[in-house]
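Participant: Please see the structure below; I have some questions.
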Amino acid sequence: MVVLWGLSWPAMKVAVGLMDPLWMATLRFATAGFCLFLFLGWRGELKFPQKGDWAILASIGGLQMMAFTALGVTAMQYTDASHAALLAYTTPLWGLLAGWLLFGEKPTSKQLIALCVGLCGIGMICSPLEMDWNKPGALSGAAMLLFAAVGWAFVILHIRRHQWVSRPIDLAPWQMLFAALSLTIISMVVVGVPHVQHWTPELWGLLLFIGPVATSLCFVIAADVGRRVSTFTMSNITLGVPVIGVLASAVFLHERITTLLAMGLALIVGSVIFATWAGHGAVTSTEEGLDL
């Protein structure tokens with residue numbers, strides 16, 4: 001699961017070079033949602049969302065899926081897949097900060113240290129020593145990735161406070177449908193009718209991997225694993241995603257792992273592990289959100 005999610009970042013980087021990013025994001029959730037509809041229908045578990053879950057459906061479908069992916073794939077036109085994966089997975093740090101500022105969830109001294117360390121890691125990656133600020137779109141791409149992470153953080157805070165009527169997997173295809181329809185409208189307005197010059201086997205393979213495999217299949221796996229392990233364990237497991245993303249980008253896309261990038265990676269991943277460990281036991285929620 002973690003390997004597939006990590007590999008999806010360089011896969012999306014290649015895909016945005018073959019078709020429009022927004023339409024690629026649309027196809028990701030359209031195909032993934034279709035597969036989940038078939039899966040739940042085959043198991044006789046397909047249900048229309050109940051009214052009590054409509055708000056969380058819109059929150060996850062709109063922010064975690066639609067906005068996060070749209071910002072992420074658009075940003076990857078201007079930044080490396082390794083930087084994209086790492087900045088996008090700073091979500092727990094922003095969640096800690098947002099919970100403090102908006103809901104009075106005062107972090108412990110250990111969590112504050114973790115937050116500061118993580119912000120130092122972000123500063124390293126976004127600094128002119130690591131990122132070429134003169135490159136067109138470099139700063140805006142980094143900003144989009146951080147905004148995507150902040151949006152996901154708000155979803156996590158919403159999930160913690162939501163009273164679930166249905167299982168997360170029961171809502172997943174509807175959330176993906178919501179994301180796909182929203183992205184279709186946005187793509188039509190911003191880009192227009194989709195136009196791909198060459199539907200090559202490479203592009204078909206990438207779309208098959210990004211949608212049905214790395215999204216719908218991993219969602220099913222995550223839902224099953226999430227019932228077997230604690231939220232604390234699940235949070236630490238998903239920290240492998242940006243690490244795999246960075247390593248896979250170096251192997252398949254020949255992106256260079258600089259000393260500063262490696263240091264930033266270590267600081268961010270280390271800070272999130274430390275923040276999660278420091279808050280272990282303070283959070284009793286059984287749902288922290290599913291990574292896509």
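For the sequence shown, position 282 matches number 282 in the UniProt record's numbering, and the numbering has no gaps at all. Built from N, CA and C at the ideal position, the CB exists for glycine as well. Computed from a prediction, not measured in an experiment: that's the story for all the values here.
(1) Taking one C-beta from the segment 142-153 and one from the segment 56-72 each time, how about it: are there three or more such pairs within less than 8 Å?
(2) With a 10 Å radius around its C-beta and 16 neighbouring C-beta atoms as the bar for buried, classify Thr-108 as buried or exposed.
(3) Is Leu-290 helix, strand or coil when you go by DSSP?
(4) Look at the alpha carbon of Ser-249 and the alpha carbon of Glu-202, and state the distance between them as a whole number of angstroms.
(5) Can you name the start and end residues of the alpha helix (DSSP H) that Leu-18 belongs to?
(6) Please list, in chain order, all residues of the same chain as Thr-26 whose beta carbon is under 7 Å from its beta carbon, the five residues on each side excluded.
(7) With DSSP as the reference, label Pro-107 as helix, strand or coil.
(8) Helix, strand or coil: which one does DSSP assign to Thr-238?
(9) In its own chain, which residues sit with a C-beta less than 7 Å from the C-beta of Ala-282, not counting the 5 before and 5 after it?
(10) In its own chain, which residues sit with a C-beta less than 8 Å from the C-beta of Leu-22, not counting the 5 before and 5 after it?
(11) Taking only the alpha-carbon atoms, compute the straight-line gap between Ser-271 and Thr-258 and give it to the nearest angstrom.
(12) When DSSP labels each residue in this structure, what does Glu-130 get in the three-state scheme?
Facilitator: With the structure as the only source:
(1) Touching, yes.
(2) Mapped onto the sequence shown, residue 108 falls at position 108. Exposed is the call here.
(3) The residue you call residue 290 lines up with position 290 of the sequence shown. With a pLDDT of 42 at Leu-290, under the threshold of 50, the modelled position of this residue cannot be trusted, and the question is left open.
(4) Counting from 1 along the sequence shown, the entry for residue 249 is found at position 249. Counting from 1 along the sequence shown, the entry for residue 202 is found at position 202. Cα to Cα, the separation comes out at about 17 Å.
(5) Translated into positions along the sequence shown, residue 18 becomes position 18. Under the DSSP assignment, Leu-18 falls outside any alpha helix (DSSP H); it carries neither an H nor an E label.
(6) For the purposes of this step, residue 26 is taken as the residue at position 26 of the sequence shown. Same-chain partners within the cutoff: Ala-180, Leu-183, Thr-184 and Ser-187.
(7) Counting from 1 along the sequence shown, the entry for residue 107 is found at position 107. In the structure shown, Pro-107 adopts coil according to DSSP, grouped into three states.
(8) Here residue 238 corresponds to residue number 238 of the sequence shown, with the count starting at 1. If DSSP states are grouped into helix, strand and coil, Thr-238 belongs with the helices.
(9) For the purposes of this step, residue 282 is identified with residue 282 of the sequence shown, where counting begins at 1. With a pLDDT of 49 at Ala-282, under the threshold of 50, the modelled position of this residue cannot be trusted; read the value that follows with caution. Excluding its 5 nearest sequence neighbours in each direction, Ala-282 has no C-beta neighbour in its own chain below 7 Å.
(10) Numbered from 1 along the sequence shown, position 22 holds the residue referred to as residue 22. Cβ within range, chain order: Ala-70, Val-73, Thr-74, Leu-183, Ile-186, Ser-187, Val-190 and Val-191.
(11) Residue 271 sits at position 271 when you count from the first residue of the sequence shown. Residue 258 sits at position 258 when you count from the first residue of the sequence shown. Across the structure, Ser-271 and Thr-258 are spaced so that their CA atoms are roughly 20 Å apart.
(12) Stepping through the sequence shown from its first residue, residue 130 is reached at position 130. In the three-state scheme derived from DSSP, where H, G and I count as helix and E and B as strand, Glu-130 is classed as coil.
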